[in-house]
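Trainee: Provided herewith is a single structure, encoded as structure tokens, for subsequent inquiry.
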Amino acid sequence: VLIHAHQDKMGGMDALDALGIASYAPALSNPLAPQEGMVAAQHSLTFAANGWVEPATAPNFGPLKVFYPGPGHTSDNITVGIDGTDIAFGGCLIKDSKAKSLGNLGDADTEHYAASARAFGAAFPKASMIV
27 VLIHAHQDKM GGMDALDALG IASYAPALSN PLAPQEGMVA AQHSLTFAAN GWVEPATAPN
87 FGPLKVFYPG PGHTSDNITV GIDGTDIAFG GCLIKDSKAK SLGNLGDADT EHYAASARAF
147 GAAFPKASMI V
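Residue numbers (my numbering): 27 to 157.
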């Protein structure tokens with residue numbers, strides 16, 4: 027599961043393809059990847075109005091709970107929690123509590139960033155280990 031269309035997340039897709047590893051990215055990310063010189067994921071994830079992934083687009087994800095919190099670090103950033111654990115992946119949307127800045131804001135939606143970060147917290151309220 028690739029969480030947005032930046033080189034540090036979707037770069038190297040051709041290697042996954044060559045190994046026959048299935049790849050999934052937000053439907054918002056796949057058209058952006060080629061524009062940035064990257065290969066799109068094989069499968070596109072779509073999301074319900076409440077932010078949770080549409081199950082039909084995320085088959086066999088097991089304990090992974092995929093959530094679109096809204097635009098923040100990028101317009102297409104998604105997050106992932108592991109059901110039954112206290113672990114959630116906020117990716118580039120969520121920063122360390124000691125961070126002095128939000129980092130790379132080149133593709134950010136700063137107007138909605140805070141609301142999206144809060145939506146992530148609401149989606150994974152039991153998460154105490156944030157990656």
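Don't be surprised by glycine CBs; every beta carbon is placed ideally from N, CA and C.
Give the straight-line distance between the Cα atoms of Met39 and Glu137, rounded to the nearest whole angstrom.
Mentor: In a straight line, the C-alpha of Met39 is about 31 Å away from that of Glu137.
Trainee: From what residue to what residue does the alpha helix (DSSP H) around Pro85 run?
Mentor: Taken as a continuous stretch (DSSP letters only), Pro85 belongs to no alpha helix (DSSP H), as it is neither H nor E.
Trainee: Within 10 angstroms of the Cβ of Gly107, are there 16 or more other Cβ atoms? Answer buried if so, exposed if not.
Mentor: That one is buried.
Trainee: Hey, quick one: how far does the beta strand (DSSP E) through Ser158 stretch, first residue to last?
Mentor: The structure shown does not extend to residue 158, since the chain is modelled only from 27 through 157, so no value can be given for it.
Trainee: Tell me whether Ala31 sits in a helix, a strand or coil according to DSSP, three-state version.
Mentor: If DSSP states are grouped into helix, strand and coil, Ala31 belongs with coil.
Trainee: Under DSSP, the alpha helix (DSSP H) around Tyr50 begins and ends at which residues?
Mentor: Unbroken run through Tyr50 is the beta strand (DSSP E), Tyr50 to Pro52; no alpha helix (DSSP H).
Trainee: Rounded to whole angstroms, what's the CA-CA distance from Gly110 to Met64? Just pull it up for me.
Mentor: About 34 Å.
Trainee: Looking at Pro97 and Ser127, is the spacing between their C-beta atoms short of 9 Å?
Mentor: Not a contact, by the Cβ cut-off of 9 Å.
Trainee: Should Ala51 and Ala114 be called a contact, given that it needs their Cβ atoms to be closer than 9 Å?
Mentor: Not in contact: Ala51 and Ala114 (Cβ atoms no closer than 9 Å).
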